[in-house]
Amino acid sequence: AADAPLACAGVALVAALLLALPALFVAHLHADNHSAVAPTLQLPAALADGWHADPDAGAAFVPTFLKPAADAGGVYSSPQGAVGLYVAYYRDQKPTSKFVGGENWIALPGDATWNTLEFHDTPLAVDGRTLDAQGVMLVERDEAAGNDRKHLEVRRLHWTAGRWYADDAEAKVANLIAQLRGQGDDGAEVLLYTYGADRAAADRRLQAFAAANLDAIGRVLLDTQARR
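Residue numbers (the working numbering): 987 to 1214.
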């Protein structure tokens, strides 16, 4: 009976250690994958199939993503129309700067400029696969513009460890596996967008841009990761 308090204390200590293990593991994992090199991200001025950077083709869209380590974007045009590209790149992630984080909004609720009309998944050809990319239709809040209000069709993809993902959970798991392999925690959120109320026409432009250029954009991200 005299040993009972010691036994209880031992059980409590083991329980406390078990509870602390996940946090200790995550801290160790982050330390192993830390990089002292801040990423630099530069998108090409010219892409395949005649797509080229064109600042006069439309206003660049910037989402509300939480503190990426680097970001870049712009609008590209070709005979098929104009498509915008935005890339948020993450490295040495933390709660205030996280790849595939719940704090990363395409447009915040109550955004001063854009109202979210609908969410929809849309098939997108990537790396010889078809991904159900996260799609969002936004409309300008300027009601005074009436029927001339701008519409913005957006597609969202994730990139990590050299591969594209549409599903949040799959991207997070792939990023964790990369860390376990000592490859770092680099990841990117990538948006493709185009203006226009005609959703079918917008989808054709986005499909054409993705089919022609996501491989090249992936190589840019791989080069960025290689400079850890």
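Beta carbons: idealized from backbone N, C-alpha and C, even for Gly. Bear in mind the structure is a predicted one, so any value in this text is a computation, not a measurement.
Between which two residues does the beta strand (DSSP E) containing residue i stretch?
| i | result |
| --- | --- |
| Arg1167 | Note, Arg1167: premise wrong, no beta strand (DSSP E); not H, not E. |
| Gly1044 | Neither: Gly1044 is in no beta strand (DSSP E) and is coded neither H nor E. |
| Val1225 | An answer regarding residue 1225 cannot be provided, because it is not within the stretch 987 to 1214 covered by the chain. |
Across which residues does DSSP place residue i in a beta bridge pair?
| i | result |
| --- | --- |
| Ala1111 | Thr1116 |
| Thr1146 | Arg1149 |
| Asp1057 | Ala1074 |
| Trp1100 | Glu1126 |
| Phe1105 | Val1122 |
| Lys1080 | Ser1083 |
| Thr1050 | Trp1091 |
| Ala1160 | DSSP, once it has assigned bridges, lists no residue as partnering Ala1160. |
| Gly1067 | Ser1064 |
| Ala1032 | His1038 |
| Leu1138 | Leu1124 and Tyr1181 |
For residue i, is the classification buried or exposed, using 16 other Cβ atoms within 10 angstroms of its Cβ as the cut-off for buried?
| i | result |
| --- | --- |
| Leu1007 | Caution is warranted here: a pLDDT of 46 is assigned to Leu1007, below 50, making its placement in the model unreliable, and the coordinate value is therefore given only provisionally. Exposed, since its Cβ has fewer than 16 Cβ neighbours within 10 Å. |
| Leu1166 | exposed |
| Thr1180 | buried |
| Ile1163 | exposed |
| Val1112 | buried |
| Glu1089 | exposed |
| Phe1195 | buried |
| Leu1094 | exposed |
| Ala1098 | exposed |
| Gly1070 | buried |
| Glu1175 | buried |
| Phe1047 | buried |
| Pro1049 | buried |
| Leu1124 | buried |
| Ala1034 | exposed |
| Arg1028 | Just to set this straight, residue 1028 is Gln in the shown sequence, not Arg. Counting Cβ neighbours within 10 Å, Gln1028 comes out exposed, since fewer than 16 surround it. |
Counting along the chain, where does the alpha helix (DSSP H) carrying residue i start and finish?
| i | result |
| --- | --- |
| Ala1196 | Arg1185 to Ala1212 |
If you measure between the beta carbons of residue i and residue j, is that distance less than 7 Å?
| i | j | result |
| --- | --- | --- |
| Gly1173 | Arg1214 | no |
| Tyr1072 | Ala1039 | no |
| Val1206 | His1144 | no |
| Gly1096 | Ala1068 | no |
| Pro1054 | Ala1074 | yes |
| Pro1081 | Thr1210 | no |
| Leu1177 | Val1122 | no |
| Ala1147 | Ala1160 | yes |
### Query
Between the stretch 1109 to 1122 and the stretch 1148 to 1164, do at least 3 Cβ pairs fall closer than 8 Å?
yes
### Message
Taking contact to mean 3 or more Cβ pairs, one atom from each stretch, closer than 8 Å, check whether the stretch 1190 to 1201 and the stretch 1094 to 1114 are in contact.
### Response
yes
### Query
Are the stretch 1030 to 1039 and the stretch 1125 to 1141 in contact at 8 Å, needing three or more beta carbon pairs?
no
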